[in-house]
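Numbers 1 to 455, taken from my numbering, label the letters of the sequence shown in order.
Ideal Cβ placement from N, Cα and C applies to all residues, glycine included.
Written out below as structure tokens is the structure these notes cover.
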Amino acid sequence: MNKNLYIQSYGCAMNFSDSEIVASILKKENYSLSNKIETADLVLINTCSIREKAEETVRKRLETVNIHKKNKPDMVIGILGCMAERLKEKLLNEEKVVDIVAGPDSYRDLPNLVRNVVEKNEKSVNTILSLEETYENIEPVRINSNGISAFISIMRGCDNMCSFCVVPYTRGRERSRNPESIVNEAKNLYNKGYREVTLLGQNVDSFKWSPTQNNKIKLEKESKSEDIVYFSDLLEMTAKVSPDLRIRFSTSHPKDITNDVLKVIKKYENVCNYIHLPAQSGNSRILKKMNRTYNREWYLSKIKDIKSIVGNSCAISSDFIAGFCSESEVEHMDTLTLMDNVLYDYSYMYYYSDRPGTLAHKKYDDDIPLEIKKKRLSEIVKKQNKHSLIRNELKIDNQYKILVEGYSKKSDKFFRGKTSENKMVIFRKKNNLIGKYVDVKIKECNSATLFGELC
Ligand code: SAM
Ligand code: SF4
Ligand code: F3S
1 MNKNLYIQSY
11 GCAMNFSDSE
21 IVASILKKEN
31 YSLSNKIETA
41 DLVLINTCSI
51 REKAEETVRK
61 RLETVNIHKK
71 NKPDMVIGIL
81 GCMAERLKEK
91 LLNEEKVVDI
101 VAGPDSYRDL
111 PNLVRNVVEK
121 NEKSVNTILS
131 LEETYENIEP
141 VRINSNGISA
151 FISIMRGCDN
161 MCSFCVVPYT
171 RGRERSRNPE
181 SIVNEAKNLY
191 NKGYREVTLL
201 GQNVDSFKWS
211 PTQNNKIKLE
221 KESKSEDIVY
231 FSDLLEMTAK
241 VSPDLRIRFS
251 TSHPKDITND
261 VLKVIKKYEN
271 VCNYIHLPAQ
281 SGNSRILKKM
291 NRTYNREWYL
301 SKIKDIKSIV
311 GNSCAISSDF
321 IAGFCSESEV
331 EHMDTLTLMD
341 NVLYDYSYMY
351 YYSDRPGTLA
361 HKKYDDDIPL
371 EIKKKRLSEI
381 VKKQNKHSLI
391 RNELKIDNQY
401 KILVEGYSKK
411 SDKFFRGKTS
421 ENKMVIFRKK
431 NNLIGKYVDV
441 KIKECNSATL
451 FGELC
């Protein structure tokens, strides 16, 4: 009998991509996706723990889920993802509405976990982390896709232990997926009409795979061998699928992005001219406390490499954390001057949120008052908006190849699409161009969007 699955995702692209794997696993159990929570047999919330606020959002959402469950008492409720992994069975006690807690490496077990609830009326938990799981043989059900661009997960976990971050605890050790399965997924997507793929991982540049042993822990014991596939190799292999398939990737840790990767970006027109290279802070003492393993000068030398190998037009974005433990006003100013120096195209900006279990939580005082954190964050945001506008203004009167993704959100008389540099462009609709490449001349812009005319 067919059953309805409602799945909602929070957090980063990895979570959205995982939900597509979950939908695929449950499809085999006769669960079809539905966007109506009120009639769903199974409700899954894929959660994020990165900041306190992310967890509060999920707990608020569970209050409304509870109302739906009261109207449909046989509804099964599951919590997936990072919050499930961080809180484990504690979540069952704290949130009575929850029946299933499943961490990011346990999704193959979901059919059993659901059966436990439905058939035995037992709540079930699986938060075992794996050294091998990459879900490589599971074809995702493309929930988050417009039929033009899709995510491909290439690795899981993170070994970096940045002191502020919960990810190493919620996602486990780094492991890379078989490159052949990645390239095949890209080929299949291309054959179905997709024109852009984003290779996903918390730290894509540490992708490393050998034919005999596919996890990094074992690989580190080996000497460098020609058989090993590094991220630059994978990028090139994916770029060769078709010149009409755009390749993006996220996220790069500054310490791992190599000149080989930069050379592949330069060599292939379809490898997008855009790098997300999170700095977090512009001050070397704070970077050391964050355990980022680079300092300000080293980061700036990476930016120089990007500009000299890929070129000045390469778009660069960053993440910043305002008000990390013990950050002084002068150290905060270093973040602002780093931004002046790099002139980022855009950034994701946050104020520091103390996370239980992290190194920073154990070692340092979260001693910057909230109003100071917020003030510093607003200064970072203000600067970024100014820089985004400057970077966008440079595009005016130039012509760019745009991949048309759909209608503008504000009007169906206009199309929207992206440049290789990941800039959103809006232009007047003509014919059916969705999924096609077109040339657009940029006429105007604001800090977020370019406006142009078809050439
Ligand atoms: N792997 C990526 C990297 O190393 O840059 C980052 C992934 S993390 C999911 C996304 C961003 O969340 C981080 O770059 C950082 O800026 C932010 N973040 C992580 N932990 C945080 C915390 N405790 N408080 C505030 N922001 C945080
Ligand atoms: Fe978190 Fe650092 Fe890993 Fe990124 S690299 S996921 S910030 S620990
Ligand atoms: Fe959040 Fe987990 Fe991603 S903590 S940002 S969903 S890896």
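Inter-segment contact for the stretch 384 to 396 and the stretch 354 to 371 is absent: fewer than three beta-carbon pairs are separated by less than 8 Å. At a Cβ-Cβ threshold of 8 Å, S49 and C82 count as neighbours.
Taking 8 Å as the upper bound for CB-CB distance, R51 and Y344 are not in contact here, some 21 Å apart. Within 7 Å of the C-beta of V167 there is at least one heavy atom belonging to ligand 2. In its chain, beyond the 5 residues on either side, C272 and N273 have a beta carbon closer than 6 Å to the beta carbon of S420.
As summarised for the stretch 181 to 262, the continuous alpha helix (DSSP H) elements at least 4 residues long and confined to that stretch are 216 to 219 and 231 to 239, given in chain order. Where Q8 is concerned, the enclosing beta strand (DSSP E) starts and stops at K3 to S9. Take the alpha-carbon of V261 and the one of E89: they are about 42 Å apart. In this structure, the CA atom of L277 is about 19 Å from the CA atom of A448.
By the Cβ-count criterion, V330 is exposed, with fewer than 16 other Cβ atoms from all chains shown falling within 10 Å of its own Cβ.
Between the beta-carbon of I442 and that of I396 there is about 5 Å, and that keeps the pair under the 8 Å contact cut. Ranked by Cα distance from K374, the first of T358, D366 and G323 is G323. When the alpha-carbon of R61 is set against those of Q8, E85 and D99, the nearest one is in Q8. Annotation: the continuous alpha helix (DSSP H) that includes N66 extends over E52 to N71.
Residue range T449 to L454 is occupied by the beta strand (DSSP E) that includes T449.
The C-alpha of S145 is placed about 29 Å away from the C-alpha of I128.
Taken from the Cβ of M14, at least one heavy atom of ligand 3 lies inside 7 Å. Restricting attention to A40, E94, D256 and N312, the CA atom closest to the CA of D74 is found in A40. For the pair A186 and L245, the CB atoms are nearer than the 8 Å cut-off. A contact between stretches requires three or more CB pairs, one per stretch, nearer than 8 Å, and the stretch 247 to 260 meets this requirement with the stretch 277 to 286.
Y169 is bridged by DSSP to nothing; it lacks a bridge partner. Each residue's CA atom was taken as its position, placing E405 and D366 some 43 Å apart.
Here V125 carries a strand assignment [DSSP, helix/strand/coil]. Bridge partners of N46 according to DSSP: S9 and L80. Boundaries of the alpha helix (DSSP H) around I309: R296 to I309. Separation of I303 and D205 (C-alpha to C-alpha, rounded to the nearest whole angstrom) is 16 Å. Between L433 and N341, the alpha-carbon positions lie close to 38 Å from each other. Listed as beta-bridge partners of Q399 by DSSP are K441. Between Y194 and S153, the CB-CB gap reaches or exceeds 8 Å. Assignment of beta-bridge partners to V141 by DSSP yields no partner.
Within the same chain, and ignoring the five residues on either side of S347 in sequence, the residues whose Cβ sits closer than 7 Å to its Cβ are S317, S318, D319, F320 and Q384. In this structure N259 is exposed. Its beta-carbon is surrounded by fewer than 16 other beta-carbon atoms within 10 angstroms.
Within the DSSP bridge table, the entry for K418 names L403 and M424 as partners. Distances taken from the Cβ of Q202 to the heavy atoms of ligand 1 include one shorter than 7 Å.
Assigned with DSSP and collapsed to three states, F16 falls in helix. For L33, DSSP records a beta bridge to L5.
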